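Residue numbers (the UniProt record's numbering): 1 to 379.
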């Protein structure tokens, strides 16, 4: 294995020792040059503990003998010999710190590789979960629509409507679960057009919901995960659709405050949030604080938990209030240049709690049909 820094250190150590011997009275210059070379080379290339100890001992012995000889012959003062143990102590501390740093880097590398493997496993689980949950629900809804089309008895039709409502609720919980699983991983980041993402979101939802759609996009470019932004917008739009009816208005917008923050929001002309919900949402710094933030229509906690974690993961926040029409308005206020480090409780842990909470909702829905799932959750 090539060790260029090792070769440099050996050559400089031999040259320094030779210069100390042939140049009486100037020993300290090559002496310190040798130790400085060791510090530089060892910082760039770590060697085995045995060779490190051997080379330090040999250089200390050879140079120490020369310094003691010069002191004994009166060339230098005896106090100069104090540098022998002091330099060895300083270099020993440096070696300890370098080896400690390298062990920490190795541990971080292992953790990073483990996280990459877990991210790949989560992505695979998300795809499988999406297929396993959506396919049976789609089939069940198709059969239900056929049966509802055949039914003529009012009582039977009422029962089928209850089944349809519960199936819709179960579908919504499944979508939330899959969405939260998808955004909690380390998704690819890139520079993307916020306005294009808003336009695509409005276009997708306009095909399935009879609403008046307004788009005011002035967000520009942003570096981050477009997949996370889509997930947050989908959650907010889904909430707006549930709280509005045909002919109501849903507005998607984005604006930028200089080069510091970008605001991305969804507003509607529905009944709006209650005061308690607004206080709960505005005071939330992670999804685990939103457990009580729900009403009769929210059922699974408004899905705001997903949006809160998406915003706080980037170092932003959520602002809830009333729209121009008295309905609900939720805004993600995001920094254009986010901090590299996540605040405590704003990373994968809080998203994992959100996914667990949505999983509990799913288990509660399926409990009567699959008792084992509910029992397994409580075990």
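A virtual CB, placed ideally from N, CA and C, is assigned to each residue, including glycine.
None of these values were measured; they are calculated from a predicted model.
**Residues bridged to residue 254 [DSSP beta-bridge criterion]** = Looking at the DSSP assignment, residue 254 forms a beta bridge with 217 and 264.
**Request:** With a floor of 4 residues, list each alpha helix (DSSP H) that falls wholly inside the region 119-198, ordered by position along the chain.
**Result:** 154-183, all fully within the region 119-198.
**Under the three-state DSSP convention, the category residue 85 falls into** = The DSSP-derived three-state label of residue 85 is helix.
**Message:** Tell me the residue span of the alpha helix (DSSP H) that contains residue 235.
**Reply:** Per DSSP, residue 235 belongs to the alpha helix (DSSP H) from 226-242.
**Item:** alpha helix (DSSP H) segment containing residue 64, residue limits
**Value:** Here the alpha helix (DSSP H) through residue 64 covers 49-72.
**Asked** What did DSSP end up calling residue 336 once you bin it into helix, strand or coil?
**Response** When secondary structure is reduced to three states using DSSP, residue 336 falls in the coil class, being assigned neither helix nor strand.
**Message:** Using 8 Å as the cut-off, can you tell me whether the region 41-48 makes contact with the region 93-100, which would need three or more C-beta pairs spanning the two stretches below that distance?
**Reply:** Yes, since at least three Cβ pairs between the region 41-48 and the region 93-100 fall closer than 8 Å, the two stretches touch.
**Asked** Using DSSP with H/G/I as helix, E/B as strand and the rest coil, what is residue 90?
**Response** Helix at residue 90.
**Request:** Identify whether residue 314 lies in helix, strand or coil by the three-state DSSP scheme.
**Result:** For residue 314, the secondary structure class from DSSP, reduced to helix, strand or coil, is coil.
**Message:** Taking the alpha carbon of residue 19 as the reference point, which residue from 25, 141, 240 and 30 has its own alpha carbon closest?
**Reply:** Checked all of 25, 141, 240 and 30; the closest Cα to residue 19 is 30.
**Asked** Whose C-beta lies closer than 7 Å to the C-beta of residue 215 among residues of the same chain, with five residues either side of it excluded?
**Response** Taken in chain order, the residues that qualify are 198, 199, 202 and 252.
**Asked** Does the distance from the C-beta atom of residue 260 to that of residue 338 stay below 8 Å?
**Response** Against a cut-off of 8 Å, the Cβ pair of residue 338 and residue 260 comes out as no contact.
**Item:** Sheet register partners of residue 222 (DSSP bridge)
**Value:** Under the DSSP definition of a beta bridge, residue 222 partners with 192.
**Message:** Assuming residue 139 and residue 160 are in contact, meaning their beta carbons sit under 8 Å apart, how far apart are those beta carbons, in whole angstroms?
**Reply:** Not a contact, Cβ separation roughly 16 Å.
**Request:** Indicate the three-state DSSP secondary structure (helix, strand or coil) for residue 401 in the structure shown.
**Result:** The structure shown does not extend to residue 401, since the chain is modelled only from 1 through 379, so no value can be given for it.
**Asked** Is the beta carbon of residue 144 sitting closer than 8 Å to the one on residue 167?
**Response** By the CB criterion at 8 Å, residue 144 and residue 167 fall inside the cutoff.
**Message:** Shorter than 7 Å, the distance from the beta carbon of residue 55 to the closest heavy atom of the ligand SAH, or not?
**Reply:** In terms of ligand content, the structure shown is empty, and the ligand SAH therefore cannot be addressed.
**Item:** Element boundaries [alpha helix (DSSP H), containing residue 280]
**Value:** Per DSSP, the unbroken alpha helix (DSSP H) holding residue 280 starts and ends at 275-282.
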